[in-house]
Amino acid sequence: MNYGTNKHYANEYGMELNEYFKHHFNYEELAGWYTMQVLKYLVRAGKKEGESYDKDRNKALDYAGELANLSNENKLTEYTADDIMSFAQDIADDFKQWKGEE
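In the working numbering, the protein residues as written are 23 to 124.
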């Protein structure tokens with residue numbers, strides 16, 4: 023993430039929202055947040071006016087890296103960001119085919 027240069031998610035004390043999440047949410051909550059962010063940017067990639075496919079894909083990859091680090095720090099998995107991107111891409115592809123039925 024570009025936390026050093028992008029300050030639009032920082033409070034008046036320079037604290038980043040992502041750091042707040044890490045201190046106030048448990049593993050499951052953080053893992054869910056990061057997973058949803060990966061999926062959001064994968065599904066959106068190339069669709070939002072003014073945003074390139076690569077820019078959104080890189081945002082997804084950033085969140086996948088955060089999720090991999092979180093999982094590895096908690097010694098729960100040995101996933102890489104690429105592992106997570108592959109898993110998330112499968113879900114995003116499934117969503118693209120979903121017509122709203124179960």
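Glycine included, each C-beta is placed from N, C-alpha and C at the ideal position.
DSSP bridge partner residues for residue i (one or two, in chain order)
i	result
Glu-88	Answer is none; Glu-88 lacks a bridge partner.
Ala-114	None; Ala-114 has no bridge partner.
Ala-32	Glu-38
Beta-carbon proximity list for residue i, same chain, < 8 Å, skipping 5 on both sides
i	result
Gly-68	Ser-74, Tyr-75 and Asp-78
Distance CB(residue i)-CB(residue j) smaller than 8 Å
i	j	result
Ala-103	Leu-83	yes
Phe-109	Val-65	no
Leu-92	Tyr-56	yes
Straight-line gap, residue i to residue j (C-alpha atoms, nearest Å)
i	j	result
Ile-106	Ala-86	6 Å
Thr-99	Leu-89	10 Å
Gln-119	Asp-112	11 Å
Gly-122	Glu-34	42 Å
Lys-81	His-46	23 Å
Expected contact under 8 Å - CB spacing of residue i and residue j to nearest Å
i	j	result
Asn-96	Tyr-49	6 Å
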